[in-house]
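Novice: Encoded as structure tokens, here's the structure I'll be asking about.
2 protein chains.
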Amino acid sequence: MTVTGIIAEYNPFHNGHAYQMEQARKMTGADYLVIVMSGDYVQRGTPAIIEKHLRAKMALNCGADLVLELPVRYATSSARDFAKGAVSILNDLGVVDYLCFGSEHGSISPFLEIADIVNKEPNCYKTILKEEQKKGCSYPAAHQKALQRAYAFTYPNRESDLSTEFLCAPNNILGIEYIRALKELNSSIIPCTVHRTSNNYHSIETDSKYASATAIRRLLLEKKSKHLKDLVPHNTLTDLMDCLKNNSFMTEDDYSLLLKYSLLQHTADQLTSYLDFPKSLANRAVGSLSDFQSFSQFSALLKTRDITRTRINRSLLHAILNIDQREHTPSFLRMLGFRRDAVPLLTAIKKSSRRPLVGKLADSPLETYYEDLFASNLYHSVAAIKSCQATCDERSIPLVIINS
Amino acid sequence: MTVTGIIAEYNPFHNGHAYQMEQARKMTGADYLVIVMSGDYVQRGTPAIIEKHLRAKMALNCGADLVLELPVRYATSSARDFAKGAVSILNDLGVVDYLCFGSEHGSISPFLEIADIVNKEPNCYKTILKEEQKKGCSYPAAHQKALQRAYAFTYPNRESDLSTEFLCAPNNILGIEYIRALKELNSSIIPCTVHRTSNNYHSIETDSKYASATAIRRLLLEKKSKHLKDLVPHNTLTDLMDCLKNNSFMTEDDYSLLLKYSLLQHTADQLTSYLDFPKSLANRAVGSLSDFQSFSQFSALLKTRDITRTRINRSLLHAILNIDQREHTPSFLRMLGFRRDAVPLLTAIKKSSRRPLVGKLADSPLETYYEDLFASNLYHSVAAIKSCQATCDERSIPLVIINS
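Residue numbers (the working numbering), protein chains in the order written: chain S, 2 to 405; chain R, 2 to 405.
Written out as structure tokens, the structure reads:
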């Protein structure tokens, strides 16, 4: 049995994701594709535009065999912790052979080389990292410069391979982190990459079959649904149109009042107790509170040269969701859904997994899952009040099971 | 100088309130009327329909000389604590001669007699109070039965004076509590009462010049503004119409998401740490959370025979506003506004007051005012996000000063 893992957000699911799954299956000869997917909150530091069970359903309908939830603290972390959390789930399953990620490059070797440099942190890397941060560079920018210098030093004839473009591409950044995490875990999972065919990650173009998730989110939020049918798989379209009809797409601005409420209750010092909430940002947040209008406006207001917008969003979201710095890892792996013909995969996982696989939360020990439960029940609450519908309780949502 | 105090909510201000001020001035020969008014939250356990500075302005335009804020923990308390908080402010001023309250009865003597019984708690009162509560009666209902029996015992020929109607009328209940509080403080302030001319407190009739605040709130929330001009003083109408235009009337359902967020973060035990939050209610609140739809729907859902709706609202509001059981009394008296020709009154208060009178929060020691500041800034936040306008900071709102 060959099993290939994919780490994803599917925010929302589109043609590019379906293509990646298809290519991953071909490239690795996989019998099964296991997806580790962000739950109700994503790495941009915002709620996911659609709740996770529906996103899992879309993935299962388009080629996935099993979808597992990435706990909220990893899903809303830096690329490094996002990757660590997700890779550790794939590794804990004990059955995964390959980890396949989309990249703007398409060849695995530079990823392996770069991950090696970052994990070893040679002196020239460390020195430049410090220098650039002192100059006021954000961590990602400083990291990138330091990496380029160290790469040129290690591979003197190939320094042009590591362009700024390469290191800025979000999928490449994540790819490097996946490989670092695999190395740190001494995992036997083999990394490989599928070349992303078109359109940049952040591009807002929608004139081909492949548009970025950013572009599709924009279409959805602006209710421009007519282009949609060319950009997402046919069998996800009905679900998307239902969401559109029910006004149930979620954005960070649906959390504006909760953010204000949370900030009003905290001193700058208290804010720094949340995950990834730097002191300078906490001071600015408390100091600018009287200019607060909405989540997105406030996040933009807090932006400076040395911190990214997504980092700010994540910090603010952590304060709303009470995600603090203590490590909380659920004692089990949460299944969001599977295809019925993937039962042999589930049987194999049951034998090999380092953490039990759980489908029904009601039967599970929830002590270690509290953080995720709160975050998701809050997501349901915001959605329900927004769309004037009844709230569902996370524990009562059934597992998505797709008949083949 | 004769000074008369009035305790009020003005939620919103209407003809009955103007009439009460006029009568109070006549009855006591007052040179000045001092109002102690609920701030942004009221005794029904909800946000005030209009923010406090505008309500203060309306009162000043219609006969008041000085408006002081009743701190939020008293404004959202039982009749007893509401009365205690408000009376202690009037008493601390050191210049108030009379306390005048509207009542459904109109004569002061039964109030004095009843307050005397309640303060002394004779055995027959205590026994019946206990018995009725054991039977599942709410405290107000049990208190009322016990009081009637004790009154009949003390004034054997006049037991019919103390009808159930008398004891159920909200203004009478408050009147009794004002007098109890005056007695407890050994205050020299003399209580007197103005007879309310028409329409019950909770009546929704709007066919005379005097409608209840409940009826007027309903008209405002349903945007039926055409009857309004007969029910409120002429010079408050423009302000009310502005609020109507800006969609800035507030109800407890504007706090639905905040309530859900707060409840999701608490165990039943933790909820009981808030002011007036009984254990049985806390258990029901946590146990019914999956049926939550809105503040008002949830409050109705939690209703049982032994607790009133306003009590439930107040408990829920205390959880949102972080109002706990510890006594927090601001070290100063907060002025919301005054008439310019009341300067001699301010001078007299400056000499006699037991707590300093503060107009500008920015210049005041806010350590003891934290609870009120949070509650009001939250009110402004909810209002701003609801009406898509900029939030104001409570500390920057200027004192209302009315030229004569």
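Cβ atoms here follow ideal geometry from the backbone N, Cα and C, with glycine treated the same way. No experiment lies behind these values; they were computed from the predicted model shown.
By Cβ distance below 8 Å, which residues in the same chain neighbour N120 (chain S) in space, the five residues on each side in sequence not counted?
Specialist: Excluding sequence neighbours, N120 (chain S) sits near R181, K184 and E185.
Novice: Would you please state the rounded distance, in angstroms, between the beta carbons of S382 (chain R) and L265 (chain S)? I believe it to be under 8 Å.
Specialist: Rounded, the Cβ-Cβ distance is 7 Å, consistent with contact.
Novice: Strictly below 8 Å CB to CB, what residues from chain S border V4 (chain R)?
Specialist: None at all; the shortest Cβ gap to chain S is about 37 Å.
Novice: Is the Cβ of T392 (chain R) closer than 9 Å to any Cβ of chain S?
Specialist: For T392 (chain R), the answer is yes, since a Cβ of chain S falls inside 9 Å of its Cβ.
Novice: With a threshold of 9 Å between beta-carbons, can K261 (chain S) be considered close to chain R, or not?
Specialist: Chain R, which has a Cβ nearer than 9 Å to the Cβ of K261 (chain S), makes this yes.
Novice: Quick one: measure Cβ to Cβ for L276 (chain S) and R74 (chain S), integer angstroms, because I've assumed they're closer than 8 Å.
Specialist: So it is a contact: roughly 6 Å between Cβ atoms.
Novice: Any idea if H196 (chain S) is buried or exposed, counting beta-carbon neighbours within 10 angstroms, 16 or more meaning buried?
Specialist: Flag for H196 (chain S) reads exposed.
Novice: On a Cα-Cα basis, can you pick out the residue from R:T369, R:R340, R:H319 and R:V344 that is closest to G46 (chain R)?
Specialist: G46 (chain R) has its Cα closest to that of R:H319, out of R:T369, R:R340, R:H319 and R:V344.
Novice: Based on DSSP bridge pairs, tell me the residues matched to E70 (chain S).
Specialist: E70 (chain S) pairs with S:M38.
Novice: Just how far apart, CA to CA, sit D93 (chain S) and I324 (chain S)?
Specialist: Approximately 23 Å between the Cα atoms of the pair.
Novice: Cα-Cα, which of S:E23, S:A80, S:K85 and S:V96 is closest to A60 (chain S)?
Specialist: The residue with the shortest Cα to Cα distance from A60 (chain S) is S:E23.
Novice: Round the Cβ separation of H54 (chain R) and V233 (chain R) to the nearest angstrom and send it over; I've been treating them as touching at under 8 Å.
Specialist: At roughly 17 Å, the Cβ-Cβ gap does not stay under 8 Å, so H54 (chain R) and V233 (chain R) are not in contact.
Novice: If you measure from the beta carbon of S274 (chain R) to each beta carbon in chain S, is any gap under 9 Å?
Specialist: Not one chain S Cβ lies under 9 Å of S274 (chain R).
Novice: So which of S:L337, S:Y140 and S:C393 has the shortest CA-CA distance to A65 (chain S)?
Specialist: The candidate whose alpha carbon is nearest that of A65 (chain S) is S:L337.
Novice: DSSP three-state call for H329 (chain R): helix, strand or coil?
Specialist: It is coil, neither helix nor strand.
Novice: I want to verify the contact list: residues of chain S whose CB lies under 8 Å from the CB of L265 (chain R), in sequence order.
Specialist: Ordered by position in chain S, the residues that pass the 8 Å Cβ test against L265 (chain R) are F375, N378, L379 and S382.
Novice: Please classify M38 (chain R): is it buried, with 16 or more other beta-carbons within 10 angstroms of its beta-carbon, or exposed?
Specialist: Label assigned to M38 (chain R): buried.
Novice: Looking at the unbroken beta strand (DSSP E) that takes in M59 (chain S), where does it start and where does it end?
Specialist: Run containing M59 (chain S): none in the beta strand (DSSP E); it sits in the alpha helix (DSSP H), K53 to N62.
Novice: Fully enclosed by the stretch 242 to 280 of chain S, which alpha helix (DSSP H) runs are 4 residues long or longer?
Specialist: The qualifying runs are 257 to 265 and 269 to 272.
Novice: In chain R, which residues lie less than 9 Å from Q294 (chain S) when you measure between Cβ atoms?
Specialist: Simply A385, I386, C389, Q390, A391 and T392.
Novice: Y370 (chain R): buried (16+ other C-beta within 10 angstroms of its C-beta) or exposed?
Specialist: With 16 or more Cβ atoms within 10 Å of its Cβ, Y370 (chain R) is classed as buried.
Novice: I need the straight-line Cα distance from T1 (chain R) to L229 (chain R), nearest angstrom please.
Specialist: Within the shown structure, residues of chain R are numbered from 2 to 405, placing residue 1 (chain R) beyond reach of any answer.
Novice: Across the stretch 207 to 219 of chain S and the stretch 109 to 127 of chain S, are there enough close Cβ pairs to call them in contact, namely three or more that are closer than 8 Å?
Specialist: Touching, no, given that fewer than three Cβ pairs across the two stretches are closer than 8 Å.
Novice: What residues are listed by DSSP as bridge partners for Y99 (chain S)?
Specialist: DSSP lists S:T5 and S:I191 as partners of Y99 (chain S).
Novice: Could you name the residues of chain S that L258 (chain R) contacts, counting a contact when the two beta carbons are closer than 8 Å?
Specialist: Going along chain S in sequence order, the residues near L258 (chain R) (Cβ under 8 Å) are L258, L259, S382, V383 and I386.
Novice: Along the stretch 284 to 317 of chain S, what residues have a CB closer than 9 Å to any CB found in chain R?
Specialist: Of all residues in the stretch 284 to 317 of chain S, L290, S291, D292, F293, Q294 and S295 have a Cβ within less than 9 Å of some Cβ in chain R.
Novice: Taking buried to mean at least 16 other C-beta atoms within 10 Å of its own C-beta, is L222 (chain R) buried or exposed?
Specialist: Exposed.
Novice: Identify whether T47 (chain S) lies in helix, strand or coil by the three-state DSSP scheme.
Specialist: The answer is strand: DSSP assigns T47 (chain S) an E or B state.
Novice: So R340 (chain S) is in the beta strand (DSSP E); what residue range does that whole segment cover?
Specialist: First-last of the beta strand (DSSP E) with R340 (chain S): L334 to R340.
Novice: Among the residues of its own chain, which have a CB less than 8 Å from the CB of L100 (chain S), if the five just before and after it don't count?
Specialist: Within the same chain, L100 (chain S) has close Cβ partners T5, G6, I7, I8, V88, L91, Y179, L183, I190, I191, P192 and C193.
Novice: Taking V233 (chain S) as part of the beta strand (DSSP E), name the residues at either end of that continuous run.
Specialist: That residue, V233 (chain S), is in no beta strand (DSSP E); it is neither H nor E in DSSP.
Novice: Curious, which full-length beta strand (DSSP E) runs of at least 3 residues does the stretch 86 to 141 of chain R contain?
Specialist: Correct list: 99 to 104.
Novice: Taking the straight line between their C-alpha atoms, what separation do you get for I398 (chain R) and A49 (chain R)?
Specialist: Roughly 17 Å separates the two Cα atoms.
Novice: Can you tell me where the beta strand (DSSP E) holding I403 (chain R) begins and where it ends?
Specialist: Taken as a continuous stretch (DSSP letters only), the beta strand (DSSP E) holding I403 (chain R) covers V401 to I403.
Novice: At a Cβ threshold of 9 Å, is S397 (chain S) touching chain R?
Specialist: S397 (chain S) counts as touching chain R.
Novice: What do you reckon, is the C-beta of S39 (chain S) under 8 Å from a heavy atom of the ligand PLP?
Specialist: Absent from the structure shown: the ligand PLP. Ligands present: none.
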